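So the structure is just underneath, and the comments pick up after that.
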Amino acid sequence: MEVPAHVQQLLAALRAGGFVACPVGGCVRDSLLGRVPGDWDVCTSARPEQVKACAAPRWRTADTGIAHGTVTVLTAGGPVEVTTFRVEGGYSDHRRPDGVRFVADLKEDLARRDFTVNAMALDEGGIVDPFGGRADLQAKVIRCVGEPAARFEEDALRILRALRFAACLDFSVEPATLAAARAAAPTLCRVSAERVFTELDKLLLGPGAGRVLAECGDILARDIPAVGPCLEFDLRSPRHDRDLWDHITRAVALAPPRRNVRWALLLHDLAKPDCFVLDREGFGHAPGHAARGAALAKQVLADLKAPGRLLQGVQPLVRWHDTPLPQDTPGVRRWLGRWGWPTLEDLIAVKRADLLAHADAPVIRRRLEEVARFERLAREAHRRDDCVRLDQLALKGSDLMNAGVCRAGPRMGRLLGAALNEVIEGRVENHPAALLAWARQQKR
């Protein structure tokens with residue numbers, strides 16, 4: 277396992293002080309999987325004040341969690357969290373330990389961790405793996421350290437962490453661990469919205485997101501109640517060969533791992549059960565579900581304390597996911613002017629994944645062709661930098677006044693808007709002389 281130089285130097289400083297020091301947790305897991313760890317954590321027999329003393333000749337430190345034994349050492353290669361071997365007391369708030377007790381044994385420290393794949397360390401003799409984490413990596417399973425029910429009782433967030441690791445690593449959750457997670461799911465109400473959002477956000481971007489969501493919708497419904505009615509909901513439509521929740525999660529699985537796209541697909545059809553009606557032939561429809569879904573998406577993301585920029589990016593995708601796309605250049609330009617290319621690119625991804633998650637039917641194939649044509653026209657317009665907004669128009673209000681066409685006021689605004697429309701329709705070139713000539717004709 278290749279340990280970065282700045283981490284090796286820190287380990288050497290701690291060991292020179294007579295202490296045991298080992299990389300631990302996610303960095304060991306990721307290294308064994310052949311991934312580059314995002315950060316490196318170290319556990320040690322040194323107490324926090326001893327960690328700071330060992331670091332002092334070379335690095336600055338920050339007391340980022342000293343009450344729980346954590347000191348961050350600010351090395352040139354990046355910050356490294358160093359935590360004293362510890363065992364934890366009770367979890368009266370089911371969130372964080374009431375207290376910690378420092379210990380001298382590495383294995384005692386590893387025993388407090390959530391999952392076996394996170395309970396490995398690298399000491400001078402090699403991998404320390406008392407709970408079978410390496411075997412679970414090879415088997416691609418997420419398994420609790422010790423008794424699953426006890427782990428989830430300590431911290432309910434671990435329920436979502438199990439799902440998140442399964443999605444991000446594309447693993448499965450070991451049956452006993454999953455059963456305990458389901459049994460403990462009602463305790464998710466103890467977890468703050470911000471922590472729930474963080475886990476769901478990471479989960480959604482994982483390669484196994486669709487599969488994990490499909491298997492664990494009942495757990496997710498504890499944090500997003502609108503998911504509940506979607507489980508096993510029969511859409512009664514020849515366009516669907518699966519229930520509503522299976523359709524939603526398949527769409528997530530088929531989408532590129534972009535935040536706005538995956539969140540929009542998770543939320544895009546949650547309003548269908550409330551809008552559902554049967555026609556005379558017994559087929560199901562959900563009129564107005566996109567508009568109602570956009571409002572529901574806003575509420576869900578607000579409840580989860582999601583960032584405002586995510587709401588701004590997701591809401592239009594949900595609102596317009598079911599709207600037919602224009603198939604002509606002027607129509608495409610209007611959408612480009614209204615939403616901009618980044619939003620349209622996301623909308624294209626949402627619509628394509630949504631359609632691919634339907635049954636194979638002629639109408640679905642036709643709509644996929646429409647998405648492809650819209651994408652081609654939109655990309656071409658974006659690449660050409662077509663004029664689609666007033667700020668791109670080669671005619672300004674000052675040009676109209678200087679040419680004596682009109683004065684400042686409502687008429688000027690109407691004239692500029694009409695000029696933009698002519699350019700979008702392709703009837704007038706976006707050039708100052710051409711636009712001014714057109715404007716003079718309107719004066720007559």
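One gets the working numbering by counting positions in the sequence shown from 1 and adding 276 to each. Positions of the beta carbon are idealized from the N, C-alpha and C atoms, including for glycine. Keep in mind it's a predicted model, so treat the numbers as computed, not measured.
Where residue i falls, given that 16 or more other Cβ within 10 Å makes a residue buried
i           : result
residue 328 : buried
residue 361 : buried
residue 319 : buried
residue 736 : Nothing about residue 736 can be read from this structure; the chain reaches only from 277 to 720.
residue 396 : buried
residue 674 : exposed
residue 409 : buried
residue 707 : exposed
residue 722 : Residue 722 is absent from the structure shown; the chain starts at 277 and stops at 720.
residue 616 : exposed
residue 508 : exposed
residue 660 : exposed
residue 559 : exposed
residue 307 : buried
Proximity to residue i [Cα-Cα], best of the options
i           : options            : result
residue 301 : 387, 599, 376      : 387
residue 322 : 350, 304, 289      : 289
residue 455 : 438, 315, 335, 538 : 438
residue 309 : 631, 379, 559, 446 : 446
residue 618 : 600, 459, 535, 460 : 535
residue 343 : 376, 477, 573, 397 : 376
residue 624 : 613, 634, 600      : 600
residue 379 : 359, 306, 498, 545 : 359
residue 347 : 326, 312, 485      : 326
residue 411 : 430, 540, 391      : 391
residue 604 : 688, 354, 408, 653 : 653
residue 611 : 561, 663, 580, 635 : 663
residue 419 : 404, 660, 389      : 389
residue 303 : 313, 294, 297      : 313
Through-space distance from residue j to residue i, alpha-carbon basis
i           : j           : result
residue 638 : residue 514 : 11 Å
residue 524 : residue 516 : 11 Å
residue 483 : residue 564 : 31 Å
residue 631 : residue 640 : 6 Å
residue 602 : residue 608 : 6 Å
residue 413 : residue 485 : 18 Å
residue 476 : residue 436 : 7 Å
residue 305 : residue 393 : 6 Å
residue 528 : residue 685 : 49 Å
residue 404 : residue 490 : 35 Å
Notebook entry, point to check: Would you call the segment 338 to 347 and the segment 421 to 439 touching, i.e. three or more CB-CB distances under 8 Å?
Noted result: no
Item checked: Every unbroken alpha helix (DSSP H) within the segment 647 to 700, with a cutoff of 4 residues, ordered by chain -> 673 to 678
Item checked: Segment contact flag, the segment 676 to 689 with the segment 646 to 661, C-beta cutoff 8 Å, min 3 pairs -> no
Margin query: Using a Cβ distance threshold of 8 Å, determine whether the segment 593 to 611 contacts the segment 567 to 574, with at least three qualifying pairs required.
Written below: yes
Checklist line | contact_flag[the segment 453 to 473, the segment 492 to 504] where n(CB pairs < 8 Å) is 3 or more | finding: yes
Note to self: Which runs of the alpha helix (DSSP H) at least 4 residues long sit entirely within the segment 481 to 548? Give them in chain order.
What the structure shows: 485 to 491, 493 to 496, 520 to 530, 535 to 543
Notebook entry, point to check: Which ranges does the alpha helix (DSSP H) cover as unbroken runs of at least 4 residues, wholly within the segment 324 to 357, from first to last along the chain?
Noted result: 324 to 331
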